[in-house]
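Step one of this worksheet: look at the structure below.
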Amino acid sequence: GAVVSQHPSWVICKSGTSVKIECRSLDFQATTMFWYRQFPKQSLMLMATSNEGSKATYEQGVEKDKFLINHASLTLSTLTVTSAHPEDSSFYICSARVEGGLTNEQFFGPGTRLTVL
Amino acid sequence: EDQVTQSPEALRLQEGESSSLNCSYTVSGLRGLFWYRQDPGKGPEFLFTLYSAGEEKEKERLKATLTKKESFLHITAPKPEDSATYLCAVQATSGTYKYIFGTGTRLKVLA
Numbered sequence: 188g189a190v191v192s193q194h195p196s197w198v199i200c201k202s203g204t205s206v207k208i209e210c211r212s213l214d215f216q217a218t219t220m221f222w223y224r225q226f227p228k229q230s231l232m233l234m235a236t237s238n239e240g241s242k243a244t245y246e247q248g249v250e251k252d253k254f255l256i257n258h259a260s261l262t263l264s265t266l267t268v269t270s271a272h273p274e275d276s277s278f279y280i281c282s283a284r285v286e287g288g289l290t291n292e293q294f295f296g297p298g299t300r301l302t303v304l
Numbered sequence: 005e006d007q008v009t010q011s012p013e014a015l016r017l018q019e020g021e022s023s024s025l026n027c028s029y030t031v032s033g034l035r036g037l038f039w040y041r042q043d044p045g046k047g048p049e050f051l052f053t054l055y056s057a058g059e060e061k062e063k064e065r066l067k068a069t070l071t072k073k074e075s076f077l078h079i080t081a082p083k084p085e086d087s088a089t090y091l092c093a094v095q096a097t098s099g100t101y102k103y104i105f106g107t108g109t110r111l112k113v114l115a
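Same order as they appear, the protein sequences are chains A and B.
When you read off a place in the first sequence, starting at 1, and then add 187, the result is the number in my numbering.
When you read off a place in the second sequence, starting at 1, and then add 4, the result is the number in my numbering.
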């Protein structure tokens, strides 16, 4: 149980285009999902908290107009990188917290590798 | 300011050589401390949750312990397949359920 999927697993795009990444909780409902960014040999950096039915909460320094988050259902959150540039190239990982669960751990997706040319 | 520090940054062990990884934390109020394993190019895999000082959890060759200031992940008789980055995260009682991650310990177990 508690499986989280991401799609696509990798994407290559041209500079200036937009890329959408999907995060799904497959066997549980998640009111709250989280989006992280990870650079090589570094830890995870929280970008934003995605709340079902309401606006996402962004961490300090993360451009909300650049990284659009939509949490339209209890099992799906999307991250859209708008007008992507090479510096946006990174490993993006989502996680979800089991709604109504007795514990507070997050379960992570497999990640999406974004390369912007 | 809430903060998590992991040490060492990297660790090389011979197969069978037991050791411990450290996670020191400063948080206004601890809701939970979490250990994850991450393999290269993959998302973190959940290992343990610890909620209060004195608590211990075990899984195969891994054992996690918690005090009021730090947590240890003990690895007993490690095997090469235990090679990974081990991440520690804390959740504060204030506000949301978001994590504060440490920088991780990269473990390499040599056959």
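Positions of the beta carbon are idealized from the N, C-alpha and C atoms, including for glycine.
Fair warning: this is a prediction, and the values are worked out from it, not measured in the lab.
Any heavy atom of the ligand SAM within a distance shorter than 7 Å of the CB on SER277/A?
As for the ligand SAM, it is missing from this structure, which has no ligand bound.
Relative to chain A, which residues along the region 35-55 of chain B have a C-beta separation below 8 Å, given in chain order?
Cβ proximity to chain A below 8 Å picks out ARG35, GLY36, PHE38, TYR40, GLY45, LYS46, GLY47, PRO48, GLU49, PHE50 and THR53 from the region 35-55 of chain B.
Is the number of C-beta pairs between the region 16-33 of chain B and the region 80-94 of chain B that are closer than 8 Å three or more?
Touching, yes, given that three or more Cβ pairs across the two stretches are closer than 8 Å.
Who are the neighbours of THR290/A on chain B, taking C-beta pairs under 9 Å?
Locating residue 290/A in the first sequence gives position 103, where the first residue counts as 1. Within 9 Å of the CB of THR290/A, the CB atoms of chain B belong to GLY36, THR53 and TYR55, in sequence order along the chain.
Shorter than 8 Å from the beta carbon of GLN95/B to some beta carbon of chain A?
Here residue 95/B is taken as the residue at index 91 of the second sequence, counted from 1. With 8 Å as the cut-off, GLN95/B counts as an interface residue toward chain A.
Does the Cβ of PRO273/A have 16 or more other Cβ atoms within 10 Å, making it buried, or fewer, making it exposed?
Along the first sequence, one-based indexing puts residue 273/A at 86. Counting other Cβ atoms within 10 Å of its Cβ, PRO273/A stays below 16 and is therefore classed as exposed.
Residue range of the unbroken beta strand (DSSP E) whose run includes SER260/A:
One-based indexing of the first sequence puts residue 260/A at position 73. Where SER260/A is concerned, the enclosing beta strand (DSSP E) stretches over 254-260.
Closer than 8 Å, Cβ to any Cβ of chain B: which residues of the region 236-260 of chain A, in chain order?
Within the region 236-260 of chain A, THR236 and THR244 place their CB atoms closer than 8 Å to a CB of chain B, listed in sequence order.
CA-to-CA distance, ARG211/A to PRO297/A, given in whole angstroms
Counting from one through the first sequence, the residue named residue 297/A turns up at place 110. Counting from one through the first sequence, the residue named residue 211/A turns up at place 24. Taking the straight line joining both Cα atoms gives about 11 Å.
Going by the beta-carbon positions, is the gap between SER205/A and VAL268/A smaller than 8 Å?
Mapped onto the first sequence, residue 205/A falls at position 18. Mapped onto the first sequence, residue 268/A falls at position 81. Taking 8 Å as the Cβ cut-off, SER205/A and VAL268/A qualify as a contacting pair.
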